[in-house]
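Chains as they are written, first to last, in our numbering: chain X, 11 to 161; chain U, 11 to 161; chain H, 11 to 161. Okay, structure first, notes after.
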């Protein structure tokens, strides 16, 4: 490790800055799925709870709602560990140019994944590409971190 | 940014202290949902796996169990990104009085959300209020952080 | 608190090193569940989306797929808060020998949990043990952190 950890935790470190910026963007994208689910529930009158459905509707299941919910679950399965692994990777003192570009590409891929899954459905491998780029990046960052921090 | 990042990472910084304290409380609340689910499964003899059901019971679905599970899923959709966004927001050097109050209000709102969703069901907009206060706070904190850390 | 927070954030701190190492291992284990789900979907021809099923298959539900998905969801319910609580606990300046062993035992227990849930199903209490060791550790770490960071 070329630098001490304390030198990484500065506003001048582009890796930390980009981690914070792109993680904020990616997490906002993820929580927007709640609004999308609510909108699809309202539009299709598909409710999960009696107190939401009111007297005029019953609880039901709708494919458009379920599709958004699957996209949301996939975000949680991937974006949450991505942010955690990325943070550990920031602490491992990575090569700045590599780290910054990983954060950018991964965020773009996750936005693409949502677009082809829940907004305009595009045949495979469109969604698989959006899934595997961040997925492989997670393993890369986790293995790099494990090597730096082992014993 | 008035202060260097290193000055934020001290035990004297009320923003960091409150982030750690309220996040610990909120995460404990979230994981308590597992116990609530287990309790409802046991009480209603509703099991998800044959090895849990034993010889005398079959796997089934029960509305009380599903309600707790929906509350748990909603916690995961909101509390996990909340803690992550809050941490990035801490690093963005926010105004202490604003940040500390956000952490307090958000934790209270999520506890309220669980109460009206899974313990005593209260008609809307009770749950919607518990949902939207932390939800809007997340966007506020994420946008503030994105502005501080952009390029 | 015997040491300043800044002294914790060094590559020499075994608590931080072990947190980073074991969290990376545990998060990799969690995201491997996506591959396991995909493998089970492919093997049993059980697809969630029409664009994945193609013309020859229909969307369906399969018990082997659902079992892996339940194990994955359980990981998200536990491993994600574990990593977050562990990080706050690292900042609370715990006794190094206690913290390091918690991280080791918790990671081993979660790997065991997946093994007996989704790979070779072993009767209870095999899975319960793998669940409760990390679960109790989470409360211990969260309460310790809350005590250190209160007001």
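Idealized CB from N, CA, C, for every residue including glycine.
Inset, instruction - Please name the residue, chosen from X:134, X:94, X:29 and X:60, that lies closest to residue 159 of chain U on a Cα-to-Cα basis. - result: As a first step, residue 159 of chain U is located in the second chain; it is residue number 149 there, counting from the start. The option with the nearest alpha carbon to residue 159 of chain U is X:29.
Inset, instruction - Measure from the alpha carbon of residue 23 of chain X to the alpha carbon of each residue in X:44, X:134, X:103 and X:36, then state which is nearest. - result: By 1-based counting over the first chain, the position of residue 23 of chain X is 13. Proximity to residue 23 of chain X across X:44, X:134, X:103 and X:36 peaks at X:103, based on C-alpha coordinates.
Inset, instruction - Kindly say whether residue 12 of chain H, judged by its beta-carbon, lies nearer than 9 Å to any beta-carbon of chain U. - result: Residue mapping note: residue 12 of chain H aligns to position 2 of the third chain, counting from 1. Confidence is the limiting factor: at residue 12 of chain H the pLDDT is only 45, short of 50, which leaves the residue's position unreliable, though a coordinate-based value still follows. Put simply, the CB of residue 12 of chain H is far from chain U, with every gap to its CB atoms at 9 Å or more.
Legend entry - Assigned exposure category for residue 85 of chain H - 16 Cβ within 10 Å defines buried: Against the third chain, residue 85 of chain H aligns to sequence position 75. It counts as buried.
Inset, instruction - Name, going along the chain, the residues of the segment 41-70 of chain H whose beta-carbon falls closer than 7 Å to a beta-carbon of chain X. - result: 41, 44, 58, 61 and 62
Inset, instruction - Would you mind sorting residue 99 of chain H into buried or exposed? The rule is 16 or more other CB atoms within 10 Å of its CB. - result: On the third chain, residue 99 of chain H is found 89 positions in, with the first residue counted as 1. Buried.
Legend entry - Buried or exposed by the 16-neighbour rule on C-beta atoms within 10 Å, applied to residue 140 of chain U: Taking the first residue of the second chain as position 1, residue 140 of chain U is located at position 130. It is buried - the Cβ of residue 140 of chain U has at least 16 other Cβ atoms within 10 Å.
Inset, instruction - Assign residue 33 of chain H to buried or exposed, taking buried as 16 or more other Cβ atoms, counted over all protein chains shown, within 10 Å of its Cβ. - result: Position 23 of the third chain, counted from the start, is the residue given in the question as residue 33 of chain H. With 16 or more other Cβ atoms within 10 Å, it is buried.
Inset, instruction - Show which residues of chain H have a CB atom less than 8 Å away from the CB atom of residue 80 of chain U. - result: Stepping through the second chain from its first residue, residue 80 of chain U is reached at position 70. Under the 8 Å cutoff, chain H gives no residues; its nearest Cβ is about 13 Å from residue 80 of chain U.
Inset, instruction - Would you mind reading off the limits of the alpha helix (DSSP H) that contains residue 68 of chain U? - result: Sequence index remark: in the second chain, residue 68 of chain U carries index 58 (1-based). Careful: residue 68 of chain U lies outside any alpha helix (DSSP H) and carries neither H nor E.
Inset, instruction - Name the one or two DSSP bridge partners that residue 49 of chain U has. - result: Start at 1 with the first residue of the second chain, and residue 49 of chain U comes out as number 39. Paired residue(s): none; residue 49 of chain U is not in a bridge.
Legend entry - chain X contacts from the segment 18-31 of chain H (Cβ-Cβ distance under 7 Å): 19, 20, 21, 27, 30 and 31
Inset, instruction - Just the chain B side, please: which residues come within less than 8 Å of residue 93 of chain H by C-beta, in chain order? - result: Reference to chain B is not applicable here, since the protein chains of this structure are X, U and H.
Inset, instruction - Compute the Euclidean distance between the alpha carbons of residue 144 of chain U and residue 114 of chain X, then round it to the nearest angstrom. - result: Here residue 144 of chain U refers to the residue found at position 134 when the second chain is read from its first residue. Here residue 114 of chain X refers to the residue found at position 104 when the first chain is read from its first residue. Spanning the two alpha carbons is a distance of roughly 27 Å.
Legend entry - CB contact check: residue 101 of chain H to chain X, cutoff 9 Å: Your numbering for residue 101 of chain H matches position 91 in the third chain. Closer than 9 Å: no.
Legend entry - Euclidean distance between Cα positions of residue 109 of chain U and residue 27 of chain U: In the second chain, residue 109 of chain U corresponds to position 99, counting from 1. In the second chain, residue 27 of chain U corresponds to position 17, counting from 1. A straight line joining the alpha-carbon of residue 109 of chain U with that of residue 27 of chain U spans about 11 Å.
Legend entry - Cβ separation of residue 91 of chain H and residue 132 of chain U, assumed to be a contact under 8 Å, to the nearest whole Å: Here the question's residue 91 of chain H lines up with position 81 in the third chain. Here the question's residue 132 of chain U lines up with position 122 in the second chain. Between residue 132 of chain U and residue 91 of chain H the Cβ distance is about 26 Å, and since that is not below 8 Å, they are no contact.
Legend entry - Residues that residue 145 of chain U contacts on chain X, provided the C-beta gap is smaller than 9 Å: Locating residue 145 of chain U in the second chain gives position 135, counting from the first residue. By Cβ distance, chain X contributes 41, 44 and 45.
Legend entry - residue 11 of chain U to residue 105 of chain U span [Cα, whole Å]: Residue mapping note: residue 11 of chain U aligns to position 1 of the second chain, counting from 1. Residue mapping note: residue 105 of chain U aligns to position 95 of the second chain, counting from 1. Its pLDDT being 46, under 50, residue 11 of chain U is placed unreliably in this model, and the value from its coordinates should be taken loosely. Their Cα atoms are separated by approximately 11 Å.
Inset, instruction - Just grab the DSSP bridge partners of residue 31 of chain H for me. - result: What you label residue 31 of chain H is simply residue 21 of the third chain in a count that begins at 1. Answer is none; residue 31 of chain H lacks a bridge partner.
Legend entry - Beta carbon proximity, residue 33 of chain H to chain U, threshold 9 Å: As a position in the third chain, residue 33 of chain H is number 23, starting the count at 1. No, its Cβ sits nowhere closer than 9 Å to a Cβ of chain U.
Legend entry - Contacts that residue 37 of chain H makes with chain X (C-beta to C-beta distance below 7 Å): Along the third chain, read from residue 1 onward, the residue named residue 37 of chain H stands at position 27. The contacting residues are 91, 94, 95 and 152.
Inset, instruction - Spatial neighbours of residue 58 of chain U within its chain, please: CB distance less than 8 Å, with the 5 preceding and 5 following residues excluded, ordered by chain position. - result: As a working mapping, residue 58 of chain U is identified with position 48 in the second chain. 51 and 69, listed in sequence order.
Legend entry - residue 54 of chain H, buried or exposed, once every other Cβ within 10 Å from all chains shown has been counted against 16: To locate residue 54 of chain H, count along the third chain from 1; it is residue 44. Exposed, since its Cβ has fewer than 16 Cβ neighbours within 10 Å.
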